[in-house]
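Structure record follows, encoded as structure tokens.
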Amino acid sequence: MSAGIQTEAIRPSQGVSRPTPTGSAAGLGRLGLRGIALLYLGLMVLLPLTAVVVKGFGDGLAALRSALAAPGAVAAIRLTLLSSLGTAIINGVLGTLLAYVLVRFRFPGRGLLSGIVDLPFAIPTLVTGVMLVALYGPSSPVGRVLGRHGIHIVFAPLGILLALLFVTLPLVVRTVEPVLLELDPAEEDAARVLGAGAWTTFRRVVLPAIRPAIAAGALLTFARALGEFGAVVIVSGNLTGQTLTAPVFIFQLTSQFRPEQAAAVATLLFAISFVLVLVTERLVNRREEAR
Amino acid sequence: MRQGIVVEDLDKRFGQFQAVDDVSFEAADGQITTLLGPSGSGKSTVLRMIAGLERPDRGRIWVAGDELTNTAVQERRLGFVFQHYALFRHMTVRQNVAFGLSVRHEPKPSQQARVDELLELVGLAPFADRYPDQLSGGQRQRVALARALAPHPKVLLLDEPFGALDARVRQELRRWLDNLHRELGVTSLLVTHDQEEALELANRVVVMNAGHIEQIGTPDEIYNQPATPFVAGFVGAANVLTGWVWEGHVHFGRSAVKGAYHLEDGLPAKAYVRPHDIRLTNTESETSFGVTVDRRTNMGWESKLHLRLADGQILIAQLPNDELAEVSLARLVFAELRYAKVFRSDGEGEPRADLSTAEFPAAVPGT
Amino acid sequence: MSQADAPGTPRGAIECVRWARIALLAVAFGYVGILLIAPLAGIAWTVVKGGFHVATETFRAPDVRHAYLLTGVITVLTVVVTGLLGVVVAMVLVRDRFVGRRIVSAVVDLPLAVSPVIVGLAAVLLFGRGGWFQALFATRGIQILFALPSMVLVTIFICIPFVVREVGPVLQELGTEEEDAARTLGASPVQTFFRVTLPNIRWGLLYGVALSAARAMGEIGAVLIVSGALQGKTETATLYIFRALEERQDASAYLVALTLAGTSIVLLAAIELFKRRRIKEMGR
């Protein structure tokens with residue numbers, strides 16, 4: 004199974020390879036490539052995001068204040084933060100478990116399990132929402148049974164959590180997996196020979212080595228969950244003050260032609276996830292440099 | 013016009029690090045020249061600059077009479093053999109060897125013929141359709157050599173070609189390369205940190221250290237007439253004895269060794285003595301002095317002896333066992349040091365390796 | 003698993019570890035099964051139960067066909083742009099040394115952290131009424147918003163990291179030795195790229211392209227904002243699903259959703275399979 008995108012996503016791409024050589028033609032070619040790359044990223048990524056920040060905070064905090072005054076705005080942001088936090092914690096724990104199982108155990112169906120973990124990369128996020136509605140919706144048999152016991156998934160916070168868990172599952176797994184692969188199993192054997200039990204071995208030998216990777220994966224999960232729209236918009240029902248999430252709120256502001264307010268909330272959301280991504284890069288860089 | 017490879021005043025810096033410092037030498041046409049030095053001495057950088065893979069900050073390069081200083085790599089027509097083979101892993105052996113011909117759009121039949129000829133030459137014809145990952149290290153390096161030779165390069169540059177191989181394969185390939193060179197006569201410049209390899213293969217040796225050249229000479233000159241303390245210590249094993257110069261001798265304690273006539277009296281000096289250049293006797297003479305035998309290790313046909321001088325300095329001698337048979341180690345032993353090379357010890361270029369710190373195998377007590 | 007801590011007879015300890023292993027496996031399979039497989043099976047079952055006539059009806063509808071076509075066009079354009087420029091960016095990030103390279107590397111990851119909704123909003127701010135570039139294109143009569151160009155642009159934004167992050171590590175591992183060798187053998191930089199570099203990164207590139215394609219096909223948040231979702235005009239397959247659900251045509255929505263998911267899954271699985279077979283062939 005290939006390491007999924009996010010595994011590599013946060014690998015710094017610096018290394019030991021010599022700087023590429025010479026020749027004035029080659030030098031020109033290199034400058035040309037660098038120019039293309041910088042122009043591409045500048046125009047495609049930085050410019051649009053700058054537009055959002057400028058629009059949102061061009062008049063100071065006025066736009067943000069008026070956006071937050073809207074009914075359900077604060078609730079939407081709180082819901083998004085809480086559900087993202089829950090997602091990061093649950094997938095942080097279970098994603099690590101999955102990575103450990105995939106790397107250390109040999110069992111029939113391992114390849115299959117590894118392939119399934121990558122499914123969320125392939126399945127469109129909207130389709131994720133559709134699937135959850137089809138399975139747990141009020142018109143499905145499962146949904147009816149759960150509803151009779153008072154468990155509501157669709158149009159409820161639980162559905163949002165499920166959707167976020169689904170969409171972000173591979174992130175922690177694929178961040179932790181390569182680190183576990185590099186970890187010499189002999190270290191674990193050594194700990195066992197020295198008398199440590201299985202759990203002690205994991206806690207004292209394995210966990211310290213993979214902790215930065217788990218943190219990186221969990222932060223990435225959190226950042227991704229913060230912005231998720233497709234999977235959530237269908238499952239949540241978008242009830243203002245109850246199941247409205249921040250991205251859906253931004254969407255509503257945009258379609259109500261209130262771009263300033265939309266941009267202000269967007270900047271807030273984006274700033275949080277940007278900081279998280281930076282922290283993630285740092286965590287992973289530190290690991291790479293420590294090696 | 014000068015043939016072979018000529019480099020003049022090469023300089024190269026990587027950031028703050030002066031990798032190559034004013035290097036000039038000539039690699040004669042049709043011969044093997046080796047660039048010998050410890051890792052980090054700049055020898056590989058010199059080779060890469062000749063190939064065009066690195067751009068010199070200063071200096072000029074000629075190959076076969078043409079100046080190549082500013083020529084693009086792909087137009088230099090030099091063969092380059094990399095330490096880690098650098099075979100194209102997605103191509104078969106045949107495709108690898110044909111690469112240099114096919115990028116120059118040689119006609120297919122002549123490509124075919126040349127590839128067959130080279131695979132025959134390196135003895136890998138049966139492996140033509142294998143991928144590099146299906147070959148052993150020695151086989152891979154032979155493919156790399158065939159690939160470098162295929163486009164009829166003007167010269168062959170080899171960057172630690174045997175460095176990644178184990179000792180036995182290295183010996184074998186070295187002999188094989190020597191024969192191949194006799195057959196083809198292509199001008200070769202070989203970079204190595206292995207002095208045995210350098211001395212065995214080369215017509216001329218260029219010894220480098222810390223970015224500059226220490227000495228250029230034939231293997232014999234390099235070994236027997238080292239120009240600097242660095243060369244004396246790096247090429248071949250040597251004992252280092254420190255003392256003071258007096259009347260052409262280096263004195264240490266009550267002992268002395270000659271060879272310091274070029275130094276003024278009273279200077280601190282170091283004498284480099286090869287372990288093979290020590291004679292032991294039971295009778296004192298004018299040129300010998302008493303030593304204590306600490307340890308003897310019998311290595312079959314010869315023995316290694318740890319000798320202690322009166323002032324405590326340690327000397328290691330290597331002597332054939334039949335010569336040792338005439339000496340009784342139980343009686344007083346006198347050592348005579350021959351061919352000592354003496355350098356001022358306040359000069360620069362401290363030698364890297366000397367025998368007093370070398371590993372010694374399980375000791376056999378002297379008899 | 004904690005029982006394995008307790009000192010006991012060796013045999014007992016081994017028993018404990020065995021049970022711990024089984025428990026871990028059960029949790030792993032259980033979690034993946036409930037979270038991922040159950041919904042997939044649920045929707046597949048619903049579609050199959052819906053019967054054949056839903057399929058024929060849905061696929062005959064002109065707006066569905068147009069939606070598929072539009073999704074296809076957007077996906078192909080996105081993949082071409084992010085594929086070509088993604089390789090360039092990866093080469094620059096791995097092989098080039100310049101001040102601020104770390105920052106550029108972080109910029110590449112930004113789209114992973116930015117909500118698609120924000121991307122759509124950005125496009126509206128740039129090209130919409132009063133936007134920075136509105137005048138530039140409006141005077142030339144070029145429609146950006148509520149038309150294909152903006153839909154492709156936002157999709158490209160979202161897909162930028164995939165090829166870069168798949169190709170980068172492969173380039174890193176490849177090193178420069180093979181490229182150096184090619185150049186000493188007389189290959190020009192262009193020949194070196196196509197004959198040595200590209201064959202070595204092709205599986206990473208293809209996998210990145212497949213991830214891009216999967217993401218492009220499924221994109222909704224950004225596209226929903228910039229397209230205006232005009233039925234039969236700027237309605238992609240995902241937008242169709244969105245509308246069909248609102249119009250209570252669940253069966254059609256489920257069907258189209260399943261085809262999108264199926265296409266992406268098959269694409270990724272096929273590339274994975276080819277890659278493995280090829281690697282086996284080369285004896286690695």
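Protein chains in written order, with my numbering: chain A, 4 to 294; chain B, 13 to 379; chain C, 3 to 286. The beta-carbon is built from N, C-alpha and C at its ideal position, and this holds for glycine as well.
Beta-carbon separation (whole angstroms), E221 of chain C vs I160 of chain C, contact threshold 8 Å: 6 Å
Quick check on this structure: which residue in A:V251, A:I275 and A:G220 has the alpha carbon closest to the alpha carbon of T90 of chain A? A:G220
Step through the CB atoms of chain C and report whether any lies within less than 7 Å of the CB of L64 of chain A. Not flagged as an interface residue toward chain C: L64 of chain A, since no C-beta distance is shorter than 7 Å.
Exposed or buried, G143 of chain C, counting other C-beta atoms within 10 Å across all chains shown (16 or more means buried)? exposed
Tell me the rounded alpha-carbon separation between L65 of chain B and M93 of chain C. 18 Å
G176 of chain C, enclosing alpha helix (DSSP H) - first and last residue: Here the sequence assigns Leu to residue 176 of chain C, which means Gly is not the residue at that position. Here the alpha helix (DSSP H) through L176 of chain C covers L150 to L176.
Can you give me, in chain order, the residues of the segment 93-105 of chain C that have a beta carbon less than 8 Å from any beta carbon in chain A? Listed by position along the chain: M93, V94, L95, V96, R97, D98, R99, F100, R103 and R104.
How do the segment 71-87 of chain A and the segment 235-244 of chain A stand: do at least 3 beta-carbon pairs fall below 8 Å, yes or no? yes
Pick helix, strand or coil for Q233 of chain C, following the three-state DSSP scheme. coil
Closer than 8 Å between beta carbons: that is the criterion. Which residues of the segment 148-182 of chain C meet it against chain B? Listed in chain order, the positions of the segment 148-182 of chain C with a beta carbon within less than 8 Å of a beta carbon of chain B are E179, E180 and D182.
Any chain C beta carbon closer than 7 Å to G149 of chain B: no
Can you round the beta-carbon distance between L26 of chain C and V104 of chain A to whole angstroms, since I take them to be within the 8 Å contact cut? 6 Å
At a cut of 8 Å, does the segment 97-112 of chain C reach the segment 211-219 of chain A through at least three beta carbon pairs? no
Let me check understanding here. Comparing Cα to Cα, which of A:P123, A:I93, A:M47 and A:A70 lies closest to L87 of chain C? A:M47
Cutoff 7 Å; reference V156 of chain C; Cβ partners in own chain excluding five residues on either side: V121, G122, A125, A224, V225 and V228
I'd like to know whether the C-beta atoms of A39 of chain B and G54 of chain B end up nearer to each other than 7 Å. Going by C-beta atoms, A39 of chain B is not nearer than 7 Å to G54 of chain B.
Quick one: does K282 of chain C have its CB under 7 Å from some CB of chain A? no
Counting only C-beta atoms, is L87 of chain C closer than 7 Å to chain A at any point? yes
With a CB to CB cut of under 8 Å and the five nearest residues on each side skipped, what residues in its chain are close to P141 of chain A? R147, G150 and V157
Does the Cβ of P74 of chain A have 16 or more other Cβ atoms within 10 Å, making it buried, or fewer, making it exposed? exposed
Residue ranges of each alpha helix (DSSP H) run of no fewer than 4 residues wholly in the segment 228-278 of chain A, ordered along the chain? 233-239 and 249-258
Across the segment 203-216 of chain C and the segment 76-90 of chain C, are there enough close Cβ pairs to call them in contact, namely three or more that are closer than 8 Å? Enough Cβ pairs lie closer than 8 Å, so yes.
Looking at chain A, which residues of the segment 112-124 of chain C have a Cβ within less than 9 Å of any of its Cβ atoms? L112, P113, L114, A115, V116, S117, P118, V119, I120, V121, G122, L123 and A124
If you measure beta-carbon to beta-carbon, which residues of the segment 15-26 of chain C are closer than 9 Å to chain A? A15, C18, V19, A22, R23 and L26
For A342 of chain B, report the span of its beta strand (DSSP E) as first-last. Here A342 of chain B belongs to no beta strand (DSSP E), and DSSP marks it neither H nor E.
Please go through the same chain and pick out, in chain order, the residues whose beta-carbon is closer than 6 Å to the beta-carbon of K277 of chain C, but skip the five residues on each side of it. W205
Since R25 of chain B sits in a beta bridge, which residues does DSSP pair it with? B:Q30
Rounded to whole angstroms, what is the Cα-Cα separation between I24 of chain C and Q174 of chain C? 38 Å
Starting from the beta carbon of R116 of chain B, find every residue of chain C whose beta carbon is closer than 8 Å, and list them in chain order. G188
Own chain partners of I44 of chain B with C-beta closer than 7 Å, once the 5 adjacent residues on each side are dropped: H193, S200, L202, L213, A214 and N215
Exposure of I158 of chain C, with buried meaning 16 or more beta-carbon neighbours within 10 Å: buried
Using a C-beta cutoff of 7 Å, does G71 of chain B count as contacting chain C? No, no contact with chain C.
Put E79 of chain B into one of helix, strand or coil per three-state DSSP. strand
Quick one: which chain C residues come within Cβ less than 7 Å of G112 of chain B? L187 and G188
Residues in the same chain with beta-carbon distance under 6 Å from Q30 of chain B, minus the five sequence neighbours each way, listed in chain order, please. Around Q30 of chain B: G223.
Consider the Cβ of V109 of chain B: report whether some Cβ of chain C lies at a distance smaller than 7 Å. Interface with chain C (7 Å Cβ-Cβ cutoff): V109 of chain B is excluded.
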